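Just below is one structure, and these are the notes that go with it.
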Amino acid sequence: MKTFEHSEMIQGLPKQFFAKLVNKVAAAKTKHDDIINLGQGNPDQPTAPHIIKALQEAAENPLYSKYSPFRGYSFLKEAVATYYKREYGVEVDPEKEVAVLMGAKAGLVEVSQCLLNQGDVALVPDPGYPDYWSGIALAGANMSFMPLKAEHDFLPDFSQLHKNDLQKSKLMFLNYPNNPTGATATEALFQDAIEIGNKHDICIVHDFAYGAIGFDGKKPLSMLEVPGAKDVGVEMITMSKTYNMAGWRVGFAVGNPSVIEAINLIQDHLHCSLYGGIQEAAAKALLGPQDCVDELVQRYESRRNTFISALQNIGWNVKAPQGSFFAWLPVPEGYTSETFADLLLEKAQVAVAPGIGFGDHGEGYVRVGLLSDEDVLLEAAKRIEKLDLFSTD
Ligand code: PLP
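Sequence positions in the sequence shown follow the working numbering and run 1 to 393.
Given below as structure tokens:
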């Protein structure tokens, strides 16, 4: 059997840090059958029945056995435009300002390939979602990190950006509600980003994957609500989190027509859109009753309240996330994010994601997914309490 050498492009891809975590959890499972895995970001609830039914019915339509239009069915792009108008009061041209994606992940990787040449720079949040790095690596471009610090509410401090990086940058990634920190954006953040985009010809890509998940009655802000956003940016949204459709692979890029055209062009070469039945069901999800979304947000909020209070009661000084389904927890003194995650896995059989996997500024934190029932989260807190790491005086 020959072993073929991988291309330089493949060899240049960033290492998948979280593959290590998956292996550690699998190894721990061989020793303990009661591991509580809070390390992942996979929604635990099923897709709502009316959306599944829409797919079942659509599967009978012979039209959908054929190739879908390369750029997706117009009815789906129109549904996205209706969604933006209904949810954010934003007008979107369905043909020129919406690209149908096989999940937001695909769009987030593709946008770098569309806009970056070798040696260009992309501004990337640190900590941040690692898939931004992948597209930048595939484009042969470089990253300049924007630290997200607790003292700045996990928003980038644009005043700290180097002039040189700004001159070389063509792309900036933002992500609110934020993975991994659970922070939400302010209007001022988007206004400043748009100003930078205009001044330095930088495309602002707002990853709005957790856009539907905001707590305490606060609806997260879409960047497109801010005047001028479409002039310099696009927003990526996904059905994965809002409608528990992670396995269905449906997302959208919405905004600046030149960026949407570039994404459509690259996709013309890579694939032939999604199965038509999935597109029909996705459109019905966007246009249909939204109680399932409201219930989901309430569920996450209730889990957040239960888990954060339980941790605070055992003396762990943690803050409640404002959005997303993650909690970002500071590690106690004397540990790194990785040694602390190892300790929790080995001694409490609780898996969490070490912050360092999201970038250097993720050090000092672990990320927990609020993707288990409250009794499981309470059990995790109880097991952590037994390690006697925190003082309740
Ligand atoms: N962006 C962020 C911040 C995410 O956490 C995720 C998924 O975990 C995605 C994008 C990708 O979503 P999708 O399932 O649409 O590819």
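Quick reminder that beta carbons are idealized off the backbone N, C-alpha and C, glycines included.
Note that this is a predicted model, so its numbers are computed, not measured.
Cross-strand partners of residue i (DSSP beta bridge)
i, result
"residue 353", "367"
"residue 341", "In the DSSP output, where bridge partners are listed per residue, residue 341 has none listed."
"residue 238", "251"
"residue 121", "142 and 169"
"residue 276", "For residue 276, which the question treats as bridged, DSSP gives no partner whatsoever."
"residue 328", "367"
"residue 148", "156"
"residue 233", "204"
Residue i, buried or exposed, once every other Cβ within 10 Å from all chains shown has been counted against 16
i, result
"residue 186", "exposed"
"residue 189", "buried"
"residue 37", "buried"
"residue 30", "exposed"
"residue 361", "buried"
"residue 67", "exposed"
"residue 394", "Nothing in the structure corresponds to residue 394, since the chain is present only between 1 and 393."
"residue 354", "buried"
"residue 52", "exposed"
"residue 20", "exposed"
"residue 63", "exposed"
"residue 86", "exposed"
"residue 392", "exposed"
"residue 281", "buried"
"residue 334", "exposed"
CB of residue i within 8 Å of CB of residue j, strictly
i, j, result
"residue 249", "residue 270", "no"
"residue 318", "residue 337", "no"
"residue 147", "residue 176", "no"
"residue 121", "residue 141", "yes"
"residue 92", "residue 80", "yes"
"residue 54", "residue 284", "yes"
"residue 359", "residue 127", "yes"
"residue 194", "residue 234", "no"
"residue 371", "residue 340", "no"
"residue 278", "residue 107", "no"
"residue 351", "residue 387", "no"
"residue 47", "residue 244", "yes"
"residue 104", "residue 1", "no"
"residue 331", "residue 212", "no"
"residue 161", "residue 115", "no"
"residue 344", "residue 384", "yes"
"residue 374", "residue 303", "yes"
"residue 173", "residue 125", "yes"
"residue 84", "residue 254", "yes"
Cβ neighbours of residue i in the same chain (closer than 7 Å, five flanking residues each side left out)
i, result
"residue 70", "268, 272 and 273"
"residue 381", "307, 310, 311 and 314"
"residue 379", "36"
"residue 191", "226"
"residue 4", "none"
"residue 288", "50"
Span separating the alpha-carbon of residue i from that of residue j
i, j, result
"residue 56", "residue 77", "21 Å"
"residue 179", "residue 369", "10 Å"
"residue 207", "residue 156", "14 Å"
"residue 166", "residue 292", "42 Å"
"residue 130", "residue 112", "13 Å"
"residue 100", "residue 261", "11 Å"
"residue 329", "residue 204", "28 Å"
"residue 181", "residue 223", "19 Å"
"residue 258", "residue 152", "33 Å"
"residue 25", "residue 200", "44 Å"
"residue 34", "residue 229", "47 Å"
"residue 8", "residue 168", "24 Å"
"residue 197", "residue 144", "15 Å"
"residue 119", "residue 98", "29 Å"
"residue 357", "residue 61", "44 Å"
Short CB-CB distance (under 8 Å) between residue i and chain C
i, result
"residue 71", "The chain labelled as chain C is not found in the depicted structure, where only one protein chain is given."
8 Å Cβ shell around residue i - same chain, five flanking residues per side excluded
i, result
"residue 184", "176, 177, 178, 214, 218, 220, 221, 322 and 323"
"residue 74", "94 and 95"
"residue 109", "131, 134, 135 and 138"
"residue 301", "215 and 216"
Neighbourhood of residue i by C-beta distance below 6 Å, restricted to the same chain and skipping five residues each side
i, result
"residue 133", "14"
"residue 17", "357"
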